[in-house]
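S.K.:
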Amino acid sequence: MAGLAAAFGSGAMTNSIAEIEDAGCILIIGSNTTSCHPLIARRVLRAKEKGAKLIVADPRNIQLSRFADVSVNHRLGSDVALLNGMMHLILQNDWHAKQYIAERTEGFEALEETLKAYTPEKVQAITGVDVHDLGKITQLYATHPPASLLYAMGITQHTTGVDNVKSCCNLAMLCGNVGVYGGGVNPLRGQNNVQGACDMGGLPNVLTGYQPVTDAGVREKFAQAWGRDIPEKPGLTITDMVPAMLEGKLKGLYVIGENPKLSDPDWNHLNHALKQLDFLVVQDLFLSETAQVADVVFSAASVAEKEGTVTNTERRCMRLHKAVDPIHNTLPDWEIISRLSTAMAYDMSYENPEAIFNEIASLTPNSYAGMTYERMGLDGLQWPCPDPHHPGTPYLHKDKFARGKGRFHALEYQDPAEMPDEEYPYFLTTGRMFAHFHTGTMTRVSPHLDVEQKTGYAEINPTDAGKLTVNEGDILVLSSRRGRMEAPAHVTESVEPGTIFLPIHFGENPTNVLTDAEAFDPLAKIPEFKVSAVKIEKLTIE
Amino acid sequence: MECKLVPSICSYCGTGCGLLFEVIDDQIVNTLPMKTHPVNEGKLCIKGWNLHEHVNSFLRLKQPLIKTFGRFIKADWNEAIGLAADRFRNIIDQYGPDSVGVLVSAKITNEENYLAQKFARAVIGTNNVDHCARL
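Here the protein sequences line up with chains G and V, keeping their order. In terms of numbering that gives the first Met the number 0, the first sequence opens at residue 0 and continues consecutively. In terms of numbering that gives the first Met the number 0, the second sequence opens at residue 0 and continues consecutively.
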């Protein structure tokens, strides 16, 4: 979200899910929307029925590619080049929103200068997208306002993730698509409360509502409310915690509802790091891969067994209601944290989650201040909701960007950290499938979801399969500079020749054995899950 | 037989579809889409329709566990919380608050995330708090 915040001043989806239906054009880049966000994909298809143009740019042929007016397969990790190429053509054809750029943005001249070099021919050489297709997608995006841009992990999980996001923002602002109904730059969040976890200060550098820990006034306010001094120095990100464990600087870790053993890059590296800890507590619904190596496991209650709120990808804060009591000897996460705090001589006694929410609202002036459980009702409220009479905000940056002026960033394309070579000749990318969620801890125990897809697999193009004499279901051995794993082959045109795709949900085929913990975006610290280089062999039994 | 429909929000993905748990005699038997909800307008995907299945899974943890000589032993809350509090306290006393980290979650509620980072900052005394939005 660092890229969005730098460009607009707010790290969240700019527009609402329902507005997608009313877009004039939808550009989907790095999101397999029908698999990962099916009810957002529904809006995309509804928009199409209403006459919107649909562009899909993805290294794989995803389901939505078939519905697109134009679909392109740009090479893995070449997003900045593709987007720069589109903007080059927009300027060449004089399709940019000149008045909007002049009044509402800054940094345009530098961008214009950088874009000069991104001729369609150069872009074709980098991305593999032919000149004609590039022209078509640019024309569709630039001439059918309002254009909505949707992206997901396909944009962010790269060493250039922040640049990719900034490029999306550049494109949208260039055509005046930010701050308008039906347009925007819309990151689709992968987990149900990622937005909320960030909003609540679940980050090493900010408290609730993105109030920086480095701000003395903010620290003072929270110190007053909490009765303890707030540390001034920003903390470690998850990507920094792993080396800190290995160096013996991080001794204790409390993991709540996460399974980093399967979701972190470079499994071997992390596994080794967790062993260096003096003490690991894991709090979860299941004995996940990470919980298995813990010293203490706290058994948590499920979503149906507690009250509380979650905030979705469009900033809508909504209530969960308790349907049944916690099973056996489990407790809601809030109660476990309260008890642990109290045991550590810091009294945390809340009557219920509503009391906690009211404390949050009182400390979070712009976004959550005007929300109460009663006001949320069944529909929820979208932040910013600064006062008790504010109706909530369906789309951001309406007359003015959150940071004042929208900022263009002039960016050059950079290769991913690892490109295929003679030894590791294939691109490897990772992703998700429709019936499963993240590391599979919840969906794989669900009989109706498990039956849809029981095992992991490796997608391989028929051309490559032919070369290796691999048939559907044959076991492939994949190896990278980090490790090796096996998975059955799924021969499909979904992937281009030279590319292998692996779903991330399956602990017995852990994709993070292959991916690289050393390759991450320098600013956002997001690992490059989407591109690595591998070699593949067919497993033969002697 | 008592039957009720309890409104909630789907846990899978960030779309945030509104749904209803169908509860019969204190057992969740089904998940239904919420017709009035502004996000999903009465529709759900295959994951949403089956949300109750993970809640009812026999694989759910049923009590806290403490590892002793490499094996998990069932514990009660006082033991588990007491042990964790003592161990964290020892680590802080010996190595300082920045030797402890907290990973909060995109799968728990706002209130719980808030308390978890409050725990890190006010109780432990560190800003070493992050979650897996990056992953």
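Yeah, the Cβ is synthetic: ideal placement off N, Cα and C, and Gly gets one too. Please read these numbers as outputs of a predicted model, since none were measured by experiment.
I want to see whether chain V comes within less than 8 Å of Thr-104 of chain G, judged by CB atoms only; does it?
M.R.: No, no contact with chain V.
S.K.: Report the residue from G:Thr-13, G:Ile-499 and G:Ala-5 whose alpha carbon sits nearest the alpha carbon of Asp-398 of chain G.
M.R.: That would be G:Thr-13, whose Cα lies nearest to the Cα of Asp-398 of chain G.
S.K.: Going by alpha carbons, who is nearest to Pro-393 of chain G out of G:Glu-112, G:Tyr-150 and G:Tyr-180?
M.R.: Among G:Glu-112, G:Tyr-150 and G:Tyr-180, the Cα nearest to that of Pro-393 of chain G belongs to G:Tyr-180.
S.K.: Tell me where the alpha helix (DSSP H) around Glu-353 of chain G begins and ends.
M.R.: That run of the alpha helix (DSSP H) goes 352-362.
S.K.: If you check the beta carbons only, do Asn-60 of chain G and Ser-493 of chain G fall under 8 Å apart?
M.R.: For Asn-60 of chain G and Ser-493 of chain G, yes; Cβs fall inside 8 Å.
S.K.: Just to confirm, are Leu-58 of chain V and Phe-285 of chain G a CB contact at a threshold of 8 Å?
M.R.: Cβ atoms of Leu-58 of chain V and Phe-285 of chain G: closer than 8 Å.
S.K.: Using DSSP with H/G/I as helix, E/B as strand and the rest coil, what is Ala-146 of chain G?
M.R.: Ala-146 of chain G: strand per DSSP, three-state reduction.
S.K.: What is the DSSP secondary structure of Gly-482 of chain G, counted as helix, strand or coil?
M.R.: Gly-482 of chain G: coil per DSSP, three-state reduction.
S.K.: So for Val-128 of chain G, helix, strand or coil by DSSP?
M.R.: Coil.
S.K.: Kindly indicate which three-state DSSP category Val-494 of chain G falls into: helix, strand or coil?
M.R.: Note: Val-494 of chain G maps to coil in three-state DSSP.
S.K.: Beta carbons nearer than 8 Å to chain V: which residues of the segment 194-221 of chain G have them?
M.R.: Against chain V - using a Cβ distance shorter than 8 Å - the residues of the segment 194-221 of chain G are Gln-194, Gly-195, Ala-196, Cys-197, Asp-198, Met-199, Gly-200, Gly-201, Leu-202, Pro-203, Asn-204, Leu-206, Thr-207, Val-212 and Phe-221.
S.K.: When we look at the beta-carbon of Thr-468 of chain G and count the other beta-carbons within 10 Å, is it buried (16 or more) or exposed?
M.R.: So Thr-468 of chain G ends up on the exposed side.
S.K.: Name the two residues that bound the continuous alpha helix (DSSP H) containing Arg-571 of chain G.
M.R.: The shown model of chain G, from 0 to 541, leaves out residue 571 of chain G, and the question about it has no answer.
S.K.: The beta strand (DSSP E) that contains Gly-430 of chain G, what's its start and end?
M.R.: Element bounds for Gly-430 of chain G: 425-430.
S.K.: Which partner residues of Pro-487 of chain G appear in the DSSP bridge assignment?
M.R.: Pro-487 of chain G pairs with G:Ile-474.
S.K.: Does any CB atom of chain G fall closer than 8 Å to the CB of Lys-34 of chain V?
M.R.: For Lys-34 of chain V, the answer is no, since every Cβ of chain G falls outside 8 Å of its Cβ.
S.K.: Taking CB distances under 8 Å as the criterion, tell me whether Gly-69 of chain V reaches chain G.
M.R.: No, no contact with chain G.
S.K.: Under a Cβ-count criterion, where at least 16 other Cβ atoms within 10 Å of its own Cβ denotes burial, should Pro-313 of chain G be classed as buried or exposed?
M.R.: In the sequence on display, residue 313 of chain G carries Glu and not Pro. Flag for Glu-313 of chain G reads buried.
S.K.: Look at Val-542 of chain G and Leu-477 of chain G and say whether their C-beta atoms are less than 8 Å apart.
M.R.: Only positions 0 to 541 of chain G appear in the structure, and residue 542 of chain G is not among them; the question remains open.
S.K.: Under three-state DSSP, which class holds Ile-89 of chain G?
M.R.: The answer is helix: DSSP assigns Ile-89 of chain G an H, G or I state.
S.K.: With distances taken from CA atoms, which of G:Glu-536, G:Ser-166, G:Leu-82 and G:Lys-232 is nearest Asn-126 of chain V?
M.R.: Residue G:Lys-232 is the option with its Cα nearest to Asn-126 of chain V.
S.K.: So, with DSSP's three-state summary, where would you put Ala-56 of chain G?
M.R.: If DSSP states are grouped into helix, strand and coil, Ala-56 of chain G belongs with the strands.
S.K.: Report, in whole angstroms, the separation of the C-beta atoms of Ile-499 of chain G and Ala-464 of chain G, which I expect to be a contact under 8 Å.
M.R.: Contact flag wrong, Cβ pair sits at about 11 Å.
S.K.: Please report the residue range of the beta strand (DSSP E) in which Glu-536 of chain G lies.
M.R.: Segment 531-537, the beta strand (DSSP E) holding Glu-536 of chain G.
S.K.: With C-beta atoms as the reference, is Ala-272 of chain G less than 8 Å away from Met-244 of chain G?
M.R.: The answer is yes: Cβ separation under 8 Å.
S.K.: I want to see whether chain G comes within less than 8 Å of Asp-129 of chain V, judged by CB atoms only; does it?
M.R.: With 8 Å as the cut-off, Asp-129 of chain V counts as an interface residue toward chain G.
S.K.: Should Val-490 of chain G be labelled buried (16 or more other beta-carbon atoms within 10 Å of its own) or exposed?
M.R.: Buried.
S.K.: Does the structure place the segment 115-122 of chain V close enough to the segment 219-233 of chain G that three or more beta carbon pairs sit under 8 Å?
M.R.: Verdict: yes, contact present.
S.K.: In terms of DSSP beta bridges, what is Ala-597 of chain G paired with?
M.R.: Residue 597 of chain G falls outside the range modelled here, since chain G spans only 0 to 541, and no answer is possible.
S.K.: Candidates G:Met-343, G:Leu-235 and G:Pro-242: which alpha carbon is nearest Asn-204 of chain G's?
M.R.: Of the listed residues, the one whose Cα sits closest to Asn-204 of chain G is G:Leu-235.
S.K.: Closest by CA to Trp-94 of chain G, which one among G:Gln-138, G:His-73, G:Ile-125 and G:Ala-342?
M.R.: Closest by alpha carbon: G:Gln-138.
S.K.: What are the start and end residues of the alpha helix (DSSP H) that includes Leu-245 of chain G?
M.R.: Residues 237-245.
S.K.: What did DSSP end up calling Arg-70 of chain V once you bin it into helix, strand or coil?
M.R.: In the structure shown, Arg-70 of chain V sits in a strand (DSSP, three-state: E or B).
S.K.: Going by other Cβ atoms of all chains shown within 10 Å of its Cβ, with 16 needed for buried, is Thr-2 of chain V buried or exposed?
M.R.: The residue asked about is misnamed: residue 2 of chain V is Cys in this sequence, not Thr. Per the 10 Å Cβ criterion, exposed.
S.K.: Please list, in chain order, all residues of the same chain as Asn-191 of chain G whose beta carbon is under 8 Å from its beta carbon, the five residues on each side excluded.
M.R.: Cβ within range, chain order: Val-309 and Asn-311.
S.K.: Can you find a CB in chain G that lies within less than 8 Å of the CB of Cys-2 of chain V?
M.R.: Closer than 8 Å: no.
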